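Trainee: So in the UniProt record's numbering, spot 693 of the sequence shown is number 693, and the numbers just go up one at a time.
Virtual Cβ for every residue (Gly too), placed ideally from N, Cα, C.
Because the structure is a prediction, the values reported are computed rather than measured.
Submitted below is the structure of interest, expressed as structure tokens.
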Amino acid sequence: MGADVNAKNNLGDTALMLATSREVIELLLEDRRLHLDEQNSTGNTALMSAIETSHLQKVKLLINAGADPKRNASLVNSSDESAFDVAKRRGFGKLLEWLYRAKESNSNPLQLAVGENDFESCATLLRFNLCNKEESLSIRPDMLCYVLKQIQQRETTLRSDVDFVLELCRLGMDVNRCQCCRKSRMELVLNIGSCELAEILCAHGAEVTHDDLVSAVKAQHIEMIPLLIRHGAGVKTYESPRDFVYKGSALDVALENSLTNVASILLNHRAALHPEYAVTQALLSNNIKVLNFLLTECAEATKAVVKNPETFIRAVKSGNLQNIQLLLDKKVDINRVHLSRTPLMNAIHTKVINYLIRKGAYVNLKTSTTALINVFSSKYCFDVYSAFHKSCKMREQQILRVITTLLKNGATLDDKDELGSTALIASVCSNLSVKVLKYLLYKGANVNQRNNDGHSALHRAAANSKRDFVEVLLKHGAHVNVKNFGGRTPLHLAVGNLQIVKLLLKKQANFNAEDDSGNTPLSLAAERGGDNDDVVDLLISNGSNVNHRNNIGMTPLWLAARKLNTKCVSLLIDLEPSLTGSRTLRSRFSNKSFSCSGTESSDLRILSRLPRSEPKAEETFLNQDAIIASGDESMNDVSSDKMTKHQVGKEERWSAFYELDDDFFERTSSSESSSASDGNEDLNVFHWQERHLADQTTHIENLSCFSPADLSTGDDPFYNSWWN
Numbered sequence: 001m002g003a004d005v006n007a008k009n010n011l012g013d014t015a016l017m018l019a020t021s022r023e024v025i026e027l028l029l030e031d032r033r034l035h036l037d038e039q040n041s042t043g044n045t046a047l048m049s050a051i052e053t054s055h056l057q058k059v060k061l062l063i064n065a066g067a068d069p070k071r072n073a074s075l076v077n078s079s080d081e082s083a084f085d086v087a088k089r090r091g092f093g094k095l096l097e098w099l100y101r102a103k104e105s106n107s108n109p110l111q112l113a114v115g116e117n118d119f120e121s122c123a124t125l126l127r128f129n130l131c132n133k134e135e136s137l138s139i140r141p142d143m144l145c146y147v148l149k150q151i152q153q154r155e156t157t158l159r160s161d162v163d164f165v166l167e168l169c170r171l172g173m174d175v176n177r178c179q180c181c182r183k184s185r186m187e188l189v190l191n192i193g194s195c196e197l198a199e200i201l202c203a204h205g206a207e208v209t210h211d212d213l214v215s216a217v218k219a220q221h222i223e224m225i226p227l228l229i230r231h232g233a234g235v236k237t238y239e240s241p242r243d244f245v246y247k248g249s250a251l252d253v254a255l256e257n258s259l260t261n262v263a264s265i266l267l268n269h270r271a272a273l274h275p276e277y278a279v280t281q282a283l284l285s286n287n288i289k290v291l292n293f294l295l296t297e298c299a300e301a302t303k304a305v306v307k308n309p310e311t312f313i314r315a316v317k318s319g320n321l322q323n324i325q326l327l328l329d330k331k332v333d334i335n336r337v338h339l340s341r342t343p344l345m346n347a348i349h350t351k352v353i354n355y356l357i358r359k360g361a362y363v364n365l366k367t368s369t370t371a372l373i374n375v376f377s378s379k380y381c382f383d384v385y386s387a388f389h390k391s392c393k394m395r396e397q398q399i400l401r402v403i404t405t406l407l408k409n410g411a412t413l414d415d416k417d418e419l420g421s422t423a424l425i426a427s428v429c430s431n432l433s434v435k436v437l438k439y440l441l442y443k444g445a446n447v448n449q450r451n452n453d454g455h456s457a458l459h460r461a462a463a464n465s466k467r468d469f470v471e472v473l474l475k476h477g478a479h480v481n482v483k484n485f486g487g488r489t490p491l492h493l494a495v496g497n498l499q500i501v502k503l504l505l506k507k508q509a510n511f512n513a514e515d516d517s518g519n520t521p522l523s524l525a526a527e528r529g530g531d532n533d534d535v536v537d538l539l540i541s542n543g544s545n546v547n548h549r550n551n552i553g554m555t556p557l558w559l560a561a562r563k564l565n566t567k568c569v570s571l572l573i574d575l576e577p578s579l580t581g582s583r584t585l586r587s588r589f590s591n592k593s594f595s596c597s598g599t600e601s602s603d604l605r606i607l608s609r610l611p612r613s614e615p616k617a618e619e620t621f622l623n624q625d626a627i628i629a630s631g632d633e634s635m636n637d638v639s640s641d642k643m644t645k646h647q648v649g650k651e652e653r654w655s656a657f658y659e660l661d662d663d664f665f666e667r668t669s670s671s672e673s674s675s676a677s678d679g680n681e682d683l684n685v686f687h688w689q690e691r692h693l694a695d696q697t698t699h700i701e702n703l704s705c706f707s708p709a710d711l712s713t714g715d716d717p718f719y720n721s722w723w724n
């Protein structure tokens with residue numbers, strides 16, 4: 001029969017209740033006579049006794065053998081506790097549940113516990129070898145990744161979480177790349193922010209990189225940084241074997257987040273600093289803490305950057321007085337000129353302007369400009385517009401505040417820049433409104449100052465078609481008939497704007513004033529292309545001389561015809577101006593190739609009104625054509641010399657021979673009578689042309705040439721090349 005496996009001692013304990021060896025327990029469980037749920041004197045079963053002594057291996061063996069942990073009338077101890085109750089009291093309630101459910105469903109208890117995120121029970125199962133390695137690894141290869149993701153979703157990391165991760169690592173889970181999401185385990189741990197978990201991974205062979213270091217810095221897990229560096233995270237990354245990448249590096253991120261203590265750690269581990277970039281970023285972000293750190297803790301590295309004049313200019317533009325003072329403490333020259341500008345000229349905040357002047361900036365220091373005139377430069381206005389993201393009106397008010405500040409600090413209002421422009425002239429040339437101009441005049445700006453070209457503010461306002469500026473300048477006594485160094489008055493420059501012409505004429509502008517080329521305002525108005533007949537009509541109605549000839553003998557009619565300004569031509573003809581050379585005008589319109597019926601009918605109407613040229617002039621041109629056709633030897637010799645002198649090719653000879661101004665026709669007609677006596681009018685015409693050619697050198701070089709093919713069409717090259 002053998003020994004009784006259910007025999008009890010004086011306390012009612014059976015051999016199974018007292019057994020602690022796995023081998024003995026397994027042998028006893030193999031005996032079919034064994035009563036699994038036998039109770040001792042206190043009512044405890046073998047399962048309850050195993051739970052009380054935390055013999056979890058025995059608990060699993062008993063559950064798998066069929067021990068009943070549930071409450072029923074016969075299976076409670078003297079304390080009225082079932083096995084489940086004892087387990088709960090001892091802190092193993094969930095563990096017992098997973099073991100029992102796994103037995104009932106023929107599954108793995110670890111799988112059930114992981115599915116319910118009961119990592120405490122999972123850790124216990126692994127710690128007490130309640131699941132073997134092969135069985136656990138086969139459950140889900142990404143278990144470590146899954147566990148870390150679950151931990152990441154919690155507000156705090158539990159002790160049981162750390163224990164479970166530790167057990168998984170001991171079990172042999174891959175601590176590097178996950179196959180399911182391709183993420184680094186360390187990346188997940190850094191997102192959790194647990195230094196303890198990071199230490200566990202590193203201790204079990206996790207690979208750490210510079211990217212992990214950057215992630216730790218970004219998340220401000222400062223305690224992890226030395227750990228990562230100790231386990232091989234690089235403090236710098238390289239684009240090539242010789243070129244390191246600073247932007248986005250751990251050191252760059254640390255400084256960007258004002259983590260100067262982290263930056264110190266990285267620098268102590270030989271992280272590479274890009275001094276210019278780091279200082280510039282600190283200035284642009286107004287980060288006083290970082291700037292001070294760079295200038296003091298990294299003084300040797302940033303020494304060259306401090307000496308760079310652009311560094312102080314950036315500080316000035318930042319508008320932060322502390323930035324400026326930090327650099328001034330490093331003995332920066334407050335009046336150093338860079339790209340023709342001083343630091344004061346780059347200041348766009350009034351508080352900075354006042355501060356710089358108090359610190360010794362010279363308000364009237366002159367480079368190619370002055371601080372006051374520089375305010376009107378396009379670059380300065382752009383800086384203001386970039387810094388003050390407001391409406392144009394608000395930005396202009398800021399510029400007015402700057403002007404006021406400079407003037408209060410002694411800026412000279414009528415100083416000139418290298419082009420001779422004053423602040424008043426510069427304001428007219430800028431994109432600022434007339435409000436700024438009025439303010440300068442109110443402050444006493446000289447309205448009649450002129451620049452190096454002789455232009456006054458009125459000249460520039462007229463040339464730029466700024467009617468409101470012209471009105472203000474005239475009201476403040478601007479000289480209406482002052483000439484620039486080309487001899488032109490504001491009226492000359494205003495002929496493209498009818499309203500400004502009216503204003504100037506109302507102020508007694510001289511409508512017959514001549515520039516250095518002999519052109520009157522009417523000459524320039526007639527010459528302008530497009531629809532400009534209103535200005536021509538206004539000038540004529542005010543008494544402008546329609547028959548005035550400029551220095552090359554061209555009347556307004558000629559100038560209008562040259563630009564194909566048909567309305568002006570018609571207007572001038574109606575007033576019966578001198579039509580000397582009208583054959584040439586006829587040739588201009590008759591030889592023109594019309595592209596639309598409207599233009600054709602307009603030009604033909606003008607053509608029909610032009611009188612025929614006088615017979616002698618007509619005959620002269622016919623003789624000219626005959627000279628060309630005959631190819632006279634003497635002519636060719638002379639013209640050949642002339643062409644060689646001006647380096648004009650054979651195909652360009654026709655152009656150089658005939659490209660003359662309108663003065664040619666009058667002088668040709670007058671020379672005919674004197675040359676008739678020697679019977680060689682054609683040659684005289686040629687010789688006169690040769691002499692005149694020397695005066696036309698510049699004109700010839702600028703004219704378009706045409707080929708002999710153009711001549712075969714029957715068109716007169718003189719007329720066509722002149723006008724086209």
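If distances are taken between C-alpha atoms only, which option among 410, 461 and 204 comes closest to residue 740?
Mentor: What the structure shows of the chain is the stretch from 1 to 724, and residue 740 is not part of that stretch, so it cannot be assessed.
Trainee: Please look up how many angstroms separate the CB atoms of residue 425 and residue 460, rounded, as I've assumed it's under 8 Å.
Mentor: Confirmed, about 6 Å.
Trainee: Straight-line CA distance for residue 456 to residue 511?
Mentor: So the two alpha carbons sit approximately 18 Å from each other.
Trainee: Taking C-beta to C-beta, are residue 345 and residue 323 nearer than 7 Å?
Mentor: Not closer than 7 Å, so no.
Trainee: Once the 5 residues before and after residue 221 are set aside, which same chain residues still bring their CB inside 6 Å of it?
Mentor: Within the same chain, residue 221 has close Cβ partners 193.
Trainee: Three-state secondary structure (DSSP) at residue 338?
Mentor: The answer is strand: DSSP assigns residue 338 an E or B state.
Trainee: In its own chain, which residues sit with a C-beta less than 7 Å from the C-beta of residue 283, not counting the 5 before and 5 after it?
Mentor: For residue 283, where only same-chain residues beyond five positions count, the Cβ hits under 7 Å are 291, 314, 315, 318 and 323.
Trainee: Please report the residue range of the alpha helix (DSSP H) in which residue 540 lies.
Mentor: Counting along the chain, the alpha helix (DSSP H) containing residue 540 begins and ends at 533 to 541.
Trainee: Run the CB neighbour count on residue 392, radius 10 Å, all protein chains shown included, and call it buried at 16 or more, exposed below.
Mentor: Residue 392 comes out exposed.
Trainee: Assign residue 33 to one of three DSSP states: helix, strand, or coil.
Mentor: It is coil, neither helix nor strand.
Trainee: Does DSSP classify residue 164 as helix, strand or coil?
Mentor: Helix, per DSSP.
Trainee: By DSSP, does residue 249 sit in helix, in strand, or in coil?
Mentor: Reduced to three states, the DSSP call for residue 249 is coil.
Trainee: Express the C-alpha separation of residue 572 and residue 599 in angstroms, rounding to a whole number.
Mentor: In this predicted model, residue 599 has a pLDDT of only 44, less than 50, meaning its place in the structure is not dependable enough to derive any value.
Trainee: Would you check if the distance between the CB atom of residue 451 and the CB atom of residue 477 is smaller than 7 Å?
Mentor: In this structure, residue 477 does not lie closer than 7 Å to residue 451 by Cβ.
Trainee: On the CB-based measure, 16 or more other CB atoms within 10 Å of its CB, does residue 296 come out buried or exposed?
Mentor: Burial call: exposed.
Trainee: Please state whether the Cβ-Cβ distance between residue 198 and residue 224 is less than 7 Å.
Mentor: It is a contact, given that the beta carbons lie within the stated cut-off.
Trainee: Hey, how far is the Cα of residue 19 from the Cα of residue 131?
Mentor: The straight-line gap from Cα to Cα measures roughly 21 Å.
Trainee: Report the CB separation of residue 50 from residue 36 in whole angstroms; it is logged as a contact under 8 Å.
Mentor: Actually they do not touch by this definition, with Cβ atoms about 12 Å apart.
Trainee: Less than 6 Å between C-beta atoms, sequence neighbours within five positions excluded: which residues of the same chain meet that for residue 369?
Mentor: Only 417 meet the Cβ criterion.
Trainee: Is residue 20 helix, strand or coil when you go by DSSP?
Mentor: The answer is coil: DSSP assigns residue 20 none of H, G, I, E or B.
Trainee: So is residue 226 buried or exposed if we call it buried at 16+ other beta carbons inside 10 Å?
Mentor: With fewer than 16 Cβ atoms within 10 Å of its Cβ, residue 226 is classed as exposed.
Trainee: Assess contact between the segment 546 to 559 and the segment 516 to 530, defined as three or more Cβ pairs (one per stretch) separated by less than 8 Å. Is contact present?
Mentor: Yes, the segment 546 to 559 touches the segment 516 to 530.
Trainee: Going by DSSP in three states, residue 84 sits in which element: helix, strand or coil?
Mentor: Residue 84 falls in the helix class under three-state DSSP.
Trainee: Which residues does DSSP pair with residue 725 in a beta bridge?
Mentor: Here the chain comprises residues numbered 1 to 724, so residue 725 is not present and cannot be evaluated.
Trainee: Rounded to a whole number of angstroms, what is the C-alpha to C-alpha distance between residue 45 and residue 124?
Mentor: Looking at the two C-alpha atoms, the distance is approximately 23 Å.
Trainee: Enumerate in chain order the residues of its own chain whose CB-to-CB distance from residue 312 is below 7 Å, with the five nearest sequence positions on each side excluded.
Mentor: Within the same chain, residue 312 has close Cβ partners 327, 332 and 343.
Trainee: Would you mind sorting residue 508 into buried or exposed? The rule is 16 or more other CB atoms within 10 Å of its CB.
Mentor: It is exposed - the Cβ of residue 508 has fewer than 16 other Cβ atoms within 10 Å.
Trainee: Among the residues of its own chain, which have a CB less than 7 Å from the CB of residue 468, if the five just before and after it don't count?
Mentor: Correct list, in chain order: 434.
Trainee: Who are the Cβ neighbours of residue 529 in its own chain at under 6 Å, not counting the five residues just before and after it?
Mentor: 563.
Trainee: Tell me the start and end of each unbroken alpha helix (DSSP H) in the segment 261 to 322 that is at least 4 residues and wholly inside, in chain order.
Mentor: Those alpha helix (DSSP H) runs which fall completely within the segment 261 to 322 and span 4+ residues are 275 to 284, 288 to 296, 299 to 307 and 309 to 318.
Trainee: Mind checking which residues open and close the alpha helix (DSSP H) that includes residue 556?
Mentor: That run of the alpha helix (DSSP H) goes 556 to 562.
Trainee: Since residue 133 and residue 166 should fall inside the 8 Å C-beta cutoff, what is the C-beta to C-beta distance between them, to a whole number of angstroms?
Mentor: At roughly 15 Å, the Cβ-Cβ gap does not stay under 8 Å, so residue 133 and residue 166 are not in contact.
Trainee: State the CB to CB distance for the pair residue 266 and residue 251, rounded to an integer number of angstroms; the pair is presumed to be in contact (CB under 8 Å).
Mentor: 5 Å between Cβ atoms; contact.
Trainee: Buried or exposed for residue 702, please, with buried defined as at least 16 other CB atoms from any protein chain shown within 10 angstroms of its CB.
Mentor: Residue confidence is low: residue 702 scores 37 on pLDDT, short of 50, so the model does not pin down where it sits. No coordinate-derived value is stated.
Trainee: On a CA-only basis, which of 310, 273 and 285 is nearest residue 294? Give me that one, please.
Mentor: Here the closest residue by C-alpha is 273.
Trainee: How many Å lie between residue 302 and residue 262 at the Cα?
Mentor: Going by the C-alpha atoms only, they are around 19 Å apart.
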